[in-house]
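Chemist:
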Amino acid sequence: MSKTSSLRATLSTPFPCSYLTDKEEQLIMLFEPEHNAQQYYPALITMGFRRSGDQVYRPQCPDCEQCQSLRIQTNEFILSKSQKRLLNKNKHFTVIECTKPKADYFSLYQHYINTIHKNGVMYPASIEQFESFIACSWGAPIFIEIYDGEKLISVSVTDQLTTNNSTSWSAFYCFYDPNYTAHSLGKFAVLQQLQLAKTQNIDFLYLGYYIHNCQKMNYKNQFNPHQRFINQKWEAFD
């Protein structure tokens, strides 16, 4: 019997979609004793699931299938010309990988949410919401920081996943200084995750859900080649 065959789940009631204003969202939400979660999550993410805090979920919407889990095989990724230019533009930034969150993360997160997502469900940012959102009692995320000199300007919360056959990272959440719009920190952070993952022989980087009709989610198809989870299987895109 597979690790995931006996998991218990519930289906949420439909609610307004956070990404497509004319749609309703519905989620499959799993619940399982926390001591087992670390075992089953690496398999579940290959089937299109994600986590928010300790909650593991997947969209199961009544009339929409636009959410497509997207992943990149790190040893096949090819930089585009624009991505090379971005790396060169931001070459003066310093990138650090940490295993523990730091006290100054919240002020950066608060600035990001209250500026970029002030119309979203996470506004206004609070320390309690922040800690419960990024925390994972059954996992040990790493934190990829980007500095401009001594100033922290970006943090990528990144889950580490291991199965018998592969090792992967999941780009759980990135928050950054909105004053650095010209430096495309969201895209730059993904490029840093890819570079670090490749040097550490990580097989895949999962970027969460790609949504074609949502501008803040469709940038993910700019990282090529990549794979998307469609109709219960991974399909390759160049």
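Residue numbers (my numbering): 1371 to 1608. Positions of the beta carbon are idealized from the N, C-alpha and C atoms, including for glycine. All values derive from a computational prediction rather than experimental measurement.
Figure out for me which residue from S1439, I1398, K1393 and Y1427 has the closest Cα to the Cα of N1601.
Modeler: Position 231 of the sequence shown, counted from the start, is the residue given in the question as residue 1601. Closest option to N1601, Cα to Cα, is S1439.
Chemist: In the DSSP assignment, find the unbroken alpha helix (DSSP H) run with Q1565 in it and report its ends.
Modeler: Your numbering for residue 1565 matches position 195 in the sequence shown. Run containing Q1565: L1555 to T1569, per the alpha helix (DSSP H) assignment.
Chemist: Quick one: what does DSSP say M1587 is sitting in, helix, strand or coil?
Modeler: Taking the sequence shown and counting its residues from 1, the one referred to as residue 1587 is at position 217. Here M1587 sits in helix by DSSP.
Chemist: With 16 as the cutoff for other CB atoms within 10 Å, does N1460 come out buried or exposed?
Modeler: By 1-based counting over the sequence shown, the position of residue 1460 is 90. Buried, since its Cβ has 16 or more Cβ neighbours within 10 Å.
Chemist: I think L1358 touches I1442, with their Cβ atoms under 8 Å apart; what is that distance to the nearest whole Å?
Modeler: In the structure as shown, the chain starts at 1371 and stops at 1608, and residue 1358 therefore has no counterpart that could be examined.
Chemist: Can you give the beta carbon distance from N1583 to L1390, rounded, assuming they're within the 8 Å contact cut?
Modeler: If you number the sequence shown from 1, residue 1583 lands on position 213. If you number the sequence shown from 1, residue 1390 lands on position 20. Contact holds; Cβ gap of about 6 Å.
Chemist: Could you compute how far the alpha carbon of Y1543 sits from the alpha carbon of Q1597?
Modeler: In the sequence shown, the residue the question calls residue 1543 occupies position 173. In the sequence shown, the residue the question calls residue 1597 occupies position 227. Spanning the two alpha carbons is a distance of roughly 19 Å.
Chemist: Going by C-alpha distance, which of S1524, G1519 and W1539 is nearest T1551?
Modeler: Counted from its first residue, the sequence shown places residue 1551 at position 181. Cα-wise, what sits closest to T1551 is S1524.
Chemist: Have a look at M1458 and V1465 and give me their C-alpha separation to the nearest angstrom.
Modeler: If you number the sequence shown from 1, residue 1458 lands on position 88. If you number the sequence shown from 1, residue 1465 lands on position 95. The sequence shown places Asn at residue 1458, not Met. About 14 Å.
Chemist: Tell me whether Q1409 sits in a helix, a strand or coil according to DSSP, three-state version.
Modeler: To locate residue 1409, count along the sequence shown from 1; it is residue 39. It is helical.
Chemist: With contact counted as at least three CB pairs below 8 Å, one residue from each stretch, are the segment 1490-1503 and the segment 1551-1563 in contact?
Modeler: no
Chemist: Go through its chain and collect everything with a Cβ distance to M1371's Cβ below 8 Å, but skip five positions before and after it.
Modeler: On the sequence shown, position 1 is the one that residue 1371 refers to. With a pLDDT of 40 at M1371, under the threshold of 50, the predicted position of this residue should be treated as unreliable, and no value is reported.
Chemist: Could you tell me the distance, in whole angstroms, from the CA atom of L1397 to the CA atom of L1377?
Modeler: As a working mapping, residue 1397 is identified with position 27 in the sequence shown. As a working mapping, residue 1377 is identified with position 7 in the sequence shown. Approximately 15 Å between the Cα atoms of the pair.
Chemist: Can you tell me whether Q1453 is helix, strand or coil according to DSSP?
Modeler: The residue you call residue 1453 lines up with position 83 of the sequence shown. Three-state result, Q1453: helix.
Chemist: If you compare alpha carbons, which of R1421, I1516 and K1603 is closest to H1462?
Modeler: For the purposes of this step, residue 1462 is identified with residue 92 of the sequence shown, where counting begins at 1. Cα-wise, what sits closest to H1462 is I1516.
Chemist: Provide the residue span of the alpha helix (DSSP H) that contains Q1396, from first to last.
Modeler: As a first step, residue 1396 must be located in the sequence shown, where it is residue number 26. It is not in any alpha helix (DSSP H) - Q1396 carries neither H nor E in the DSSP assignment.
Chemist: Measuring CA to CA, which of L1449, L1414, N1489 and C1431 is closest to N1591?
Modeler: Taking the sequence shown and counting its residues from 1, the one referred to as residue 1591 is at position 221. It is L1449 whose Cα lies nearest to the Cα of N1591.
Chemist: Quick one: what does DSSP say F1607 is sitting in, helix, strand or coil?
Modeler: If you number the sequence shown from 1, residue 1607 lands on position 237. Three-state result, F1607: strand.
Chemist: Within 10 Å of its beta-carbon, does R1420 have 16 or more other beta-carbons around it, so buried, or fewer, so exposed?
Modeler: As a working note, residue 1420 is residue 50 in the sequence shown. Flag for R1420 reads buried.
Chemist: Just to confirm, are P1386 and I1486 a CB contact at a threshold of 8 Å?
Modeler: To locate residue 1386, count along the sequence shown from 1; it is residue 16. To locate residue 1486, count along the sequence shown from 1; it is residue 116. No, these two residues do not count as a Cβ contact at 8 Å.
Chemist: Taking the alpha carbon of A1495 as the point to measure from, which residue in I1483, C1506 and N1489 has its own alpha carbon closest?
Modeler: Walking along the sequence shown from the start, residue 1495 turns up at place 125. Comparing Cα positions, the closest option is I1483.
Chemist: Looking at the structure shown, is L1381 part of a helix, part of a strand, or coil, going by DSSP?
Modeler: Along the sequence shown, one-based indexing puts residue 1381 at 11. L1381 sits in a strand when the DSSP states are folded into three classes.
Chemist: Tell me L1522's beta-bridge partners as DSSP assigns them.
Modeler: Here residue 1522 is taken as the residue at index 152 of the sequence shown, counted from 1. DSSP, once it has assigned bridges, lists Y1517 as partnering L1522.
Chemist: Leaving out five residues on either side along the sequence, give the residues of the same chain with a beta carbon under 8 Å from the beta carbon of I1581.
Modeler: Numbered from 1 along the sequence shown, position 211 holds the residue referred to as residue 1581. Excluding residues within five positions, the ones whose Cβ falls inside 8 Å are Y1389, L1390, Q1436, C1437, Q1438, M1587 and N1588.
Chemist: In its own chain, which residues sit with a C-beta less than 8 Å from the C-beta of Q1408, not counting the 5 before and 5 after it?
Modeler: Here residue 1408 refers to the residue found at position 38 of the sequence shown. These residues qualify, in order along the chain: W1508 and G1509.
Chemist: Hey, could you find the ends of the beta strand (DSSP E) Y1543 is sitting in?
Modeler: By 1-based counting over the sequence shown, the position of residue 1543 is 173. T1537 to Y1546 is the span of the beta strand (DSSP E), which, as asked, contains Y1543.
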